[in-house]
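Engineer: Here the protein sequences come in this chain order: A and B.
First residue of the first sequence: 589, per the numbering used here; consecutive thereafter.
First residue of the second sequence: 589, per the numbering used here; consecutive thereafter.
By construction, the Cβ of each residue, glycine as well, lies at the ideal position given by its N, Cα and C atoms.
All of these numbers come straight from a predicted model, not from anything done at the bench.
There are 2 protein chains.
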Amino acid sequence: MSTENNDFFEHKKKIHIKNKKLEHYIEEIDARAKTQNAALTPVRRAVLTLLFLHPQGLKAYELLEKIKEERSNAKPTTVYRALDFLMAQGFAHKIGRNNLFVACHHVSHYLPSLFLVCPKCRTVTELSAIPLMQMLKTEVGNAGFQLTSPEVEISALCPACA
Amino acid sequence: MSTENNDFFEHKKKIHIKNKKLEHYIEEIDARAKTQNAALTPVRRAVLTLLFLHPQGLKAYELLEKIKEERSNAKPTTVYRALDFLMAQGFAHKIGRNNLFVACHHVSHYLPSLFLVCPKCRTVTELSAIPLMQMLKTEVGNAGFQLTSPEVEISALCPACA
DNA sequence: TGGCAGGATGTTATAACATTACAAATCAAA
DNA sequence: TTTGATTTGTAATGTTATAACATCCTGCCA
Chain A
589 MSTENNDFFE HKKKIHIKNK KLEHYIEEID ARAKTQNAAL TPVRRAVLTL
639 LFLHPQGLKA YELLEKIKEE RSNAKPTTVY RALDFLMAQG FAHKIGRNNL
689 FVACHHVSHY LPSLFLVCPK CRTVTELSAI PLMQMLKTEV GNAGFQLTSP
739 EVEISALCPA CA
Chain B
589 MSTENNDFFE HKKKIHIKNK KLEHYIEEID ARAKTQNAAL TPVRRAVLTL
639 LFLHPQGLKA YELLEKIKEE RSNAKPTTVY RALDFLMAQG FAHKIGRNNL
689 FVACHHVSHY LPSLFLVCPK CRTVTELSAI PLMQMLKTEV GNAGFQLTSP
739 EVEISALCPA CA
């Protein structure tokens with residue numbers, strides 16, 4: 589009975605649900621990892637998948653609960669290590685204000701990404717603002733500083749909550 | 589022997605050391621508090637003073653240790669409550685990335701302030717960037733969002749560390 | 001002047017977030 | 001097949017922040 593067309597029900601509670609966009613995303617990240625001499629291991633893949641499936645961001649211990657559904661022995665360390673890896677590779681970001689982690693949808697970090705965090709529903713939106721970020725980079729440079737972090741986070745009420 | 593000119597030594601270990609700029613700053617904040625129907629009580633004043641004296645920012649528990657020198661019975665709550673008040677009034681900011689608190693040196697928050705946080709020496713620099721912040725406000729508004737937080741924090745290597 | 005209402009502070013406990021340190025497993029290169 | 005590097009397991013602990021409830025202080029007004 590476990591034919592292809594009831595995979596959805598069979599794996600309903602699994603992290604690896606059928607999802608074209610997700611598959612494509614993970615494949616792409618996997619490829620990028622290889623070029624960076626880094627391995628997207630099962631734990632890391634699971635964490636990144638969860639982040640992808642929750643655009644509003646997840647807290648470390650929320651992530652832990654979900655990971656436990658597949659790896660009952662997961663510990664805080666399990667999650668934090670995967671997150672450290674993903675952030676080091678530029679595949680995920682931490683929203684400091686809320687201790688929230690999000691998947692990154694950018695190809696490069698030549699310019700930083702702008703994150704709008706809604707204080708009400710806590711949704712995280714990654715805004716595309718090239719000229720603004722370009723200007724930011726210039727201004728910061730003029731002040732003698734050197735950008736080191738690919739994320740800029742701002743608290744802003746989202747359209748739905750406003 | 590406690591005449592006016594050895595006050596400095598008498599109170600060396602006190603938070604209220606002689607400091608013209610500090611006095612002026614606190615007076616100004618005190619006045620602003622009054623117009624906002626808020627009271628700059630001794631605890632709050634002490635916390636704000638400490639923040640003012642540490643432009644690189646302070647962590648809540650560092651603050652707690654220092655406050656304890658004057659109020660030995662201070663608890664985490666003491667500090668967090670004062671910080672909540674100061675932030676609510678716009679007199680202090682939290683740098684989310686590092687759990688660092690800083691005094692605010694701005695008069696108004698019509699536009700947000702830009703904070704550069706050095707990842708190496710952790711110094712927090714408040715950059716004046718009116719056109720940039722104006723542009724930010726516009727762009728965020730165009731996206732249908734509404735700015736709610738007066739601070740924008742960025743990780744950037746400071747001139748000294750670079 | 002006494003008592004009440006609100007805000008501020010004291011106190012204890014605990015929740016939420018994150019790291020350290022060391023052991024065991026995995027895996028690929030020599 | 002040994003070795004060394006990377007990843008994962010596990011336990012303990014460290015750090016950051018809040019909850020809940022008691023008490024104190026202050027201004028008001030009956």
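Cutting at 6 Å between CB atoms, please list the residues of its own chain near Cys749 of chain A, excluding the five before and the five after it.
Structural biologist: Stepping through the first sequence from its first residue, residue 749 of chain A is reached at position 161. Excluding sequence neighbours, Cys749 of chain A sits near Cys706, Lys708, Cys709.
Engineer: If the cut-off is 7 Å on Cβ atoms, which residues from the segment 724-740 of chain A count as contacting chain B, listed in chain order?
Structural biologist: Those would be Leu724, Glu727, Val728, Ala731, Gly732, Phe733, Gln734, Leu735, Thr736, Ser737, Val740, in chain order.
Engineer: So the beta strand (DSSP E) Glu741 of chain B belongs to, where does it begin and stop?
Structural biologist: Against the second sequence, residue 741 of chain B aligns to sequence position 153. Start and end: 739-745.
Engineer: Over what stretch of residues does the beta strand (DSSP E) that includes Phe689 of chain A continue unbroken?
Structural biologist: Locating residue 689 of chain A in the first sequence gives position 101, where the first residue counts as 1. 688-691 is the span of the beta strand (DSSP E), which, as asked, contains Phe689 of chain A.
Engineer: So if DSSP puts Thr736 of chain A in a beta bridge, which residue, or which two residues, is it bridged to?
Structural biologist: By 1-based counting over the first sequence, the position of residue 736 of chain A is 148. Paired residues: none, contrary to the question.
Engineer: Show which residues of chain A have a CB atom less than 8 Å away from the CB atom of Ala648 of chain B.
Structural biologist: Taking the second sequence and counting its residues from 1, the one referred to as residue 648 of chain B is at position 60. Result: empty, since nearest Cβ-Cβ is about 15 Å, beyond 8 Å.
Engineer: Answer with yes or no whether the minimum CB distance from Cys706 of chain A to chain B is below 9 Å.
Structural biologist: As a first step, residue 706 of chain A must be located in the first sequence, where it is residue number 118. So yes, Cys706 of chain A belongs to the interface.
Engineer: Would you say Cys709 of chain A reaches chain B, if we count a Cβ-Cβ gap shorter than 9 Å as a contact?
Structural biologist: Numbered from its first residue, the first sequence carries residue 709 of chain A at position 121. No, its Cβ sits nowhere closer than 9 Å to a Cβ of chain B.
Engineer: Short of 7 Å Cβ to Cβ, which residues in the segment 657-674 of chain B face chain A?
Structural biologist: Against chain A - using a Cβ distance shorter than 7 Å - the segment 657-674 of chain B contributes no residues.
Engineer: Per the contact definition of three or more C-beta pairs closer than 8 Å, is the segment 728-735 of chain B in contact with the segment 724-740 of chain A?
Structural biologist: Touching, no, given that fewer than three Cβ pairs across the two stretches are closer than 8 Å.
Engineer: Is the beta carbon of Leu646 of chain A sitting closer than 9 Å to the one on Ala662 of chain A?
Structural biologist: The count along the first sequence starts at 1 and reaches residue 646 of chain A at position 58. The count along the first sequence starts at 1 and reaches residue 662 of chain A at position 74. Result no, Cβ atoms of Leu646 of chain A and Ala662 of chain A do not sit closer than 9 Å.
Engineer: Give me, in chain order, the residues of the same chain whose beta-carbon lies closer than 7 Å to that of Glu739 of chain A; leave out the 5 immediate sequence neighbours on both sides.
Structural biologist: By one-based count along the first sequence, residue 739 of chain A stands at place 151. If we look at Glu739 of chain A and ignore the five residues flanking it on each side, its Cβ neighbours are His681, Pro700, Ser701, Phe703.
Engineer: Since Ile614 of chain B contacts Leu639 of chain B with CB under 8 Å, what's their CB separation in whole angstroms?
Structural biologist: Numbered from 1 along the second sequence, position 26 holds the residue referred to as residue 614 of chain B. Numbered from 1 along the second sequence, position 51 holds the residue referred to as residue 639 of chain B. About 11 Å separates the two Cβ atoms, so there is no contact after all.
Engineer: I'd like to check one pair, Thr665 of chain B with Ile655 of chain B: are the Cβ atoms closer than 9 Å?
Structural biologist: Position 67 of the second sequence holds residue 655 of chain B. Position 77 of the second sequence holds residue 665 of chain B. Going by C-beta atoms, Ile655 of chain B is not nearer than 9 Å to Thr665 of chain B.
Engineer: Applying a beta-carbon distance threshold of less than 7 Å, which residues of chain B neighbour Glu744 of chain A?
Structural biologist: Numbered from its first residue, the first sequence carries residue 744 of chain A at position 156. Before going on, a small fix: residue 744 of chain A reads as Ala here, not Glu. Here the neighbours are Val728, Phe733, Gln734, Leu735, Thr736.
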